[in-house]
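Everything below concerns the one structure shown next.
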């Protein structure tokens, strides 16, 4: 049976990630994964947020082994962590603000299914790109 990524998108909308981020809608996908608009139920930031999640093994079955996927995800999370703590660029108004790196955090779907996920919570730019 073929993997149905549309069903995954629909099931993920409404989910709660890390007991605080409510998934509102699927925005799009890129080279490494999906982007979702989320709402921070703790209201820690005064700007809209999105969550980048990584492709599943099923979505990359033809291009990467599970081990390669795991290595790529961990590398991106580690690089983002280092960037957040080691550079002043993380506070620049000219770069999308990354607010939290999520490693193996809980996710609970609206239908009650629970699991774990990795991702990066960041500023959501509705126009798609930052304006200068």
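In our numbering, the protein residues as written are 9 to 140.
In this text, a Cβ means the ideal position worked out from N, Cα and C, and glycines have one as well.
Under the three-state reduction of DSSP, residue 105 is assigned to coil, being neither helix nor strand. A contact is defined here as three or more CB-CB pairs under 8 angstroms, and the stretch 121-134 meets this definition with respect to the stretch 54-64.
Separation of the CB atoms of residue 88 and residue 104 is rounded to 11 angstroms, and the pair is thereby denied contact status at 8 angstroms.
Ranking 46, 42, 40 by CA distance to the CA of residue 27 puts 46 first.
Judged by DSSP in its simplified three-state form, residue 19 adopts helix. Put simply, the backbone Cα of residue 44 is about 15 angstroms away from that of residue 118.
Residue 42 counts as buried, since no fewer than 16 other beta carbons sit within 10 angstroms of its beta carbon.
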